[in-house]
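Chain order of the listed sequences is F and Y.
Numbering-wise, the first sequence is residues 236 to 556 according to this note's numbering.
Numbering-wise, the second sequence is residues 323 to 667 according to this note's numbering.
Notes for the one structure printed next.
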Amino acid sequence: MTDPSSEFAIELSGLRKTYRRGKKVTVAVDGLDLAVRRGEVFGLLGPNGAGKTTTVEVCEGLTVPDSGTVRVLGREWRAGRHDELRDRIGVCLQETKFHEKATVREIVQLFAACYVRGRTVDDVLQVVSLQEKAAARESTLSGGQRQRLAVATALVGEPELLFLDEPTTGLDPQSRRQLWDVVRSFKAGGGTVVLTTHYMDEAQQLCDRIAIVDHGKVIALGTPAELITSLGAEHFVEIDVDAFDGRLAAADLARLPDVQKCEIAGARAVLTVGSVHTVVPVLLRTLADRGVELRGLATRHATLEDVFVHLTGRHLREDSR
Amino acid sequence: MMRWRVVKAVATTTFREFWRSPDAVFWTYGFPLMMAVVLGFSFQPAPPPPVPVAVVAGARAGDLAASLRRNDRLLVEVLDAASADTALARGRVALVVRQGEVGVPIVRSDPTRAEADVARLLVEKALAPPSQYPAPVIASEVEDRPGARYIDFLIPGLVGLNLLGAGMWGIGFNLVQLRIQKLLRRLFVTPMRHGEFLFGFLLGRGILVLPEAFAIVLFGHLLWGVPFRGSPFAFLLLVGAGGLAFTGLGCLLASRVRSIEAIAGLMNLFQLPMWLLGGTFFGNERLEGVVRWAAEAMPLTHLNRALRDVILGPAGVVDVLIPATGLLGFAAVCFAVALRMFRWT
């Protein structure tokens with residue numbers, strides 16, 4: 236069943252998983268197809284309840300799918316013993332509470348004992364910058380340190396494939412960047428990472444490729460640049476004026492050169508544009524000609540959030556409905 | 323094949339987590355010792371308390387009370403007729419004595435109450451002139467030999483009760499806690515095998531059960547002279563088998579539960595009947611009907627009986643083989659079902 240020559244670390248085909256509570260059936264994953272290449276950082280991006288965690292748990296062997304095929308590092312979970320496959324993956328779950336009276340070193344030692352091969356505890360603690368906290372009890376750690384400890388337990392078996400399920404949720408910016416460095420260093424060593432997140436900047440910073448997941452399906456797949464380019468324009472110009480009140484309509488602004496789209500809400504207009512430097516001078520002239528007073532102007536790059544809004548009409552951080 | 327390094331890592335982590343929680347150590351091991359001491363002192367051999375009786379106030383009531391007070395086994399008070407009736411009705415006195423019209427005292431009591439008979443005999447003895455004492459037809463001896471007192475009965479039961487508590491709460495409750503904090507789920511995605519985890523966990527939590535059992539016996543011996551007449555190996559076998567039986571039951575109850583409330587309810591459902599009927603605080607051989615059957619079905623009943631045979635009698639390993647095998651069989655069934663049903667997530 237092992238196929239080490241495969242270029243894919245994970246292959247999912249027609250994956251479906253439903254949960255039943257009484258008569259209510261929730262479709263968590265609905266015919267999802269996905270392939271993660273070896274050596275890449277692959278992001279699953281989507282709002283809460285999109286099916287990211289269920290997809291990852293199926294890949295980790297924690298959840299059995301209703302249907303579909305799952306191949307991880309060339310093997311299927313259902314085929315015989317799982318120990319060999321578990322020896323080759325590292326997992327950082329969305330939420331784990333370790334032994335609170337144990338020290339950082341003792342917790343990593345416990346996980347290290349489970350693996351056939353692996354790195355030394357000191358080595359791993361250095362990778363996650365916790366060597367100074369080695370003798371500290373888990374209960375004394377900050378949120379960021381706890382999360383790095385969770386990553387340390389995932390790295391100690393020297394895995395080929397690392398699963399990180401929303402590893403930076405609730406962390407401060409500095410702790411997030413420290414974890415990003417850990418991910419980059421793991422990738423630099425040839426490892427494959429599957430990362431779920433609902434932070435678009437995190438996905439954009441870390442991921443080689445991203446699958447945007449919504450309602451249990453992949454609705455877009457590509458590199459961050461490809462996904463943003465798929466919008467048709469890479470920049471936004473946002474203006475605040477005194478009032479449009481008939482002097483200027485969205486259609487007038489949309490007709491300006493290099494403007495793809497314009498939406499007006501109250502006294503604010505958002506223009507999707509190809510290049511800022513060609514649009515802004517024309518826009519300012521048009522406002523002046525129509526007697527509209529400009530009160531604010533901002534430009535920004537398109538983000539994955541814009542891609543998600545474009546595809547679904549919703550924001551990533553909105554609660555699932 | 324179980325890997326010892328994994329078992330050792332789990333056992334060490336589990337033991338440390340427990341040992342570094344002083345409250346857990348106290349309630350698991352300190353509390354049973356404290357209970358043994360408190361119960362031991364509470365049930366020290368002592369003469370029974372005096373029996374309260376009331377004398378109805380009236381002519382010659384003072385003489386009557388004085389005669390009764392000559393017997394120090396009686397606690398006499400003089401009350402008016404209404405108060406005496408109330409005291410009898412409330413059970414504050416065992417009987418009421420009043421001076422009869424023809425000079426013979428009249429006693430009134432509720433014949434359905436056991437203490438009334440004792441009070442009546444004591445009153446008769448106090449009022450009878452010494453010349454009318456019947457010649458003794460029996461000679462009495464006081465039973466206070468080590469091995470036959472209540473404290474001797476209690477100590478082996480407390481060993482059994484401690485094994486029950488440490489096994490069920492120490493194992494079952496903590497397994498559910500690990501499940502709730504998703505640590506079991508995290509361990510499940512490592513190459514650790516189910517058996518390695520459970521064995522290591524039992525070892526880490528149960529390592530103190532044996533010294534605890536010896537400590538209770540030692541306390542009983544040093545404080546009250548409770549004897550140890552049987553084989554230490556038989557004791558060791560019973561503690562091991564009993565510990566495994568109750569940890570197995572704890573594992574089984576915790577194998578699928580996902581909330582503290584549910585495991586607490588399940589534990590109480592199984593533990594409370596054993597507390598009451600398992601033969602720890604009183605012998606359950608005189609129970610009848612369904613209750614007797616229930617008591618006989620409890621592993622604690624058989625463990626306590628066998629422990630008493632070893633501690634108070636001269637039982638050896640061969641004598642306790644049947645109960646020990648039964649307990650080990652019970653443990654094996656519990657572990658087998660628990661492993662099959664065990665929910666990691």
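A virtual CB, placed ideally from N, CA and C, is assigned to each residue, including glycine.
Under 8 Å between beta-carbons, which chain Y residues line up against K336/F? List them in chain order, please.
-> R338, E339, R342 and S343
Sequence-distant residues of its chain with Cβ nearer than 6 Å to A535/Y (five each side left out) | V481 and V561
Just the Cα atoms here: how many angstroms apart are A637/Y and A436/Y?
-> 37 Å
Please confirm if L328/F has its CB atom under 7 Å from at least one CB of chain Y.
-> yes
Note down the Cα distance separating S492/F from L396/F, rounded to an integer number of angstroms.
-> A small correction: the amino acid at residue 492/F is Pro; Ser does not occupy that position in the sequence shown. Each residue's Cα considered, the two are about 47 Å apart.
Taking 7 Å as the CB-CB cut-off, is R662/Y touching chain F?
-> no
Less than 8 Å between the CB atoms is what I'm expecting for D268/F and G249/F, so what's the real figure, rounded?
-> 7 Å
Ignoring anything shorter than 4 residues or poking outside the region 343-406 of chain F, list the alpha helix (DSSP H) runs there in chain order.
-> 356-362 and 378-390
Length-filtered (4 minimum) alpha helix (DSSP H) runs lying within the region 631-658 of chain Y | Listed in chain order, the alpha helix (DSSP H) runs fully inside the region 631-658 of chain Y amount to none, counting runs of at least 4 residues.
Got a sec, what are the start and stop residues for the alpha helix (DSSP H) F543/F sits in?
-> Segment L539 to T547, the alpha helix (DSSP H) holding F543/F.
For T431/F and L559/Y, the rounded distance between their alpha carbons | 52 Å
D475/F versus K496/F, D487/F and A500/F, residue with shortest Cα-Cα distance = A500/F
Hey, is the region 366-373 of chain Y in contact with the region 480-498 of chain Y, meaning 3+ C-beta pairs nearer than 8 Å?
-> no
H334/F burial status per 10 Å Cβ neighbour count (16 or more: buried) | That one is buried.
Selection of the region 506-540 of chain Y by Cβ proximity to chain F, strictly under 9 Å | Using a CB distance below 9 Å, the part of the region 506-540 of chain Y facing chain F consists of R507, R508, L509, F510, V511, T512, P513, M514, R515 and E518, ordered along the chain.
R419/F - containing beta strand (DSSP E), residue span | It is not in any beta strand (DSSP E) - R419/F instead sits in the alpha helix (DSSP H) that spans P408 to A423.
Does any CB atom of chain F fall closer than 7 Å to the CB of T647/Y?
-> Answer no: the Cβ-Cβ gap between T647/Y and chain F never drops below 7 Å.
Inter-stretch contact at 8 Å, needing at least 3 Cβ pairs: the region 328-342 of chain Y / the region 516-535 of chain Y = yes
Just how far apart, CA to CA, sit L532/F and C497/F?
-> 15 Å
Would you list the one or two residues that DSSP bridges to V305/F?
-> L247/F
Confirm, please, whether the CB-CB distance from L444/Y to L396/Y is below 7 Å.
-> Yes, the pair counts as a contact, with Cβ atoms nearer than the cut-off.
Spatial distance of L500/Y from V375/Y (CA atoms) = 60 Å
L522/F: which of L399/F, V260/F and F479/F sits nearest, CA to CA?
-> F479/F
Can you list, in chain order, the residues of its chain whose CB lies under 8 Å from that of L650/Y, leaving out five sequence neighbours each side?
-> A563, L566 and A567
Can you name the residues of chain F whose CB is closer than 7 Å to the CB of V579/Y?
-> Near V579/Y there are no residues of chain F at all, since even the closest Cβ is about 18 Å away, more than 7 Å.
Rank W312/F, R381/F and V262/F by C-alpha distance to the C-alpha of I245/F and give the top, closest one.
-> W312/F
Can the beta-carbon of A537/F be found less than 7 Å from the beta-carbon of G509/F?
-> no
Evaluate G392/F with the Cβ neighbour count: other Cβ atoms within 10 Å of its Cβ, from every protein chain shown; 16 or more gives buried, anything less gives exposed.
-> buried
Look up D480/F in the DSSP assignment and say whether it is helix, strand or coil.
-> DSSP places D480/F in coil when its eight states are reduced to three.
Beta-carbon proximity list for L525/Y, same chain, < 6 Å, skipping 5 on both sides = Cβ within range, chain order: A333.
Just mark E319/F as buried or exposed, buried being the case when its beta carbon has 16 or more other beta carbons within 10 Å.
-> exposed
Name the chain Y residues whose beta carbon is nearer than 8 Å to that of R321/F?
-> V511, T512 and P513
Whose C-beta lies closer than 6 Å to the C-beta of S410/F among residues of the same chain, with five residues either side of it excluded?
-> G379
Could you list which residues in chain F have their beta carbon closer than 7 Å to that of T335/Y, in chain order?
-> Correct list: H334, A337, E341 and L345.
Looking only at its own chain, which residues have a Cβ that is under 6 Å from the Cβ of R665/Y, when we skip the five neighbours before and after it?
-> R578
Please check the pair R321/F and V511/Y, which I expect to be a contact at CB under 8 Å, by giving their CB distance rounded to whole angstroms.
-> 6 Å
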